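Asker: Numbering (my numbering), first residue to last: 6 to 322.
#1: Let me know if residue 186 comes out buried or exposed under the rule of 16 or more other beta-carbons within 10 Å of its beta-carbon.
#2: Please confirm whether residue 75 and residue 94 have their CB atoms less than 7 Å apart.
#3: What residue from 92, 30, 47 has the CA that sits closest to residue 53's CA?
#4: Alpha helix (DSSP H) containing residue 106: first to last residue?
#5: List the residues that DSSP assigns as beta-bridge partners of residue 31.
#6: Are the Cβ atoms of residue 104 and residue 114 separated by less than 7 Å?
#7: With burial defined as no fewer than 16 other Cβ atoms inside 10 Å of the residue's Cβ, what is the status of residue 85: buried or exposed?
#8: Give me the DSSP bridge partner(s) of residue 70.
#9: Which residues in the same chain have their Cβ closer than 7 Å to the Cβ of residue 89, if we skip the five residues on either side of it in sequence?
#10: Who pairs with residue 100 in a beta bridge, going by DSSP?
#11: Would you tell me roughly how many angstroms separate the C-alpha atoms of residue 83 and residue 50, rounded to the nearest one?
#12: Check this for me: beta carbons of residue 122 and residue 92, under 7 Å apart or not?
Okay, here's the thing in structure tokens:
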């Protein structure tokens, strides 16, 4: 069987057409964007899915990962504003938003982001004191994120997060900080103890003040009562009531003797010379009481006599 030239050319052309079709079909996976270059110049961007290009004229350029990526920032030494040397490392998160800019605006995107982040870490943390550096990590992260994001925005990327992982001062500095912290805590404890002692003394003084006020008020009322009793006795004496002065003097003698007898250091009680006067006064009080009772008895008898019926004598009408 003889084959003509046409029988050979047609299958070759079919194979070439199929090869051209397969060469022009490009599949882009999800999360990636491919740039297309025509004779070395950027023309368009291929999105995820099935795409067609012109074979031998167009070619794929950069294959950009559009997902959020993590970049580890290695440990570096930073000198703070107060000349303390600390070792710092971190992590940066970024996402490509514009594939052509990320591909053609900077060479070595990840290396550029890494150096930019490390430089700004030294700049930001070097402008702070050590104490401020250790206590304001969130503020440092926010400041770093803003600075790095503004610097990397022309590259078509978005810095989503910049985090400082570890801040490690030298061992001797850590020991000094521990002693400083201990001294500060001891100082606070002493201040709190002094404040508590002061408050207790104030409360104790307030209690003594209140007790003194109550005692003074009680003495004042007792003095008022004593003055009133003296006034009543004086008025009774002024009216000529001798029994009142006898009663008053007897009461004072009795109170004095009671105090003498209740003393703990007294074994023998010596009666004063005026004790006979006291006894006489007590006797006078007894006589007064007898006279009062006798008078009351006589009055009662008279009342009974007035109510008793009279009996007529014998032999009378």
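All C-beta atoms in this analysis are idealised placements derived from N, C-alpha and C, irrespective of residue type, glycine included. Note that this is a predicted model, so its numbers are computed, not measured.
Answerer: So, from the listed chains and residues:
#1: exposed
#2: No Cβ-Cβ contact shorter than 7 Å links residue 75 with residue 94.
#3: 30
#4: 104-109
#5: 56
#6: no
#7: Taking all protein chains in view, the Cβ of residue 85 is crowded by 16 or more other Cβ atoms within 10 Å, so the residue is classified as buried.
#8: 37
#9: 135, 174, 178
#10: 163
#11: Going by the C-alpha atoms only, they are around 42 Å apart.
#12: No.
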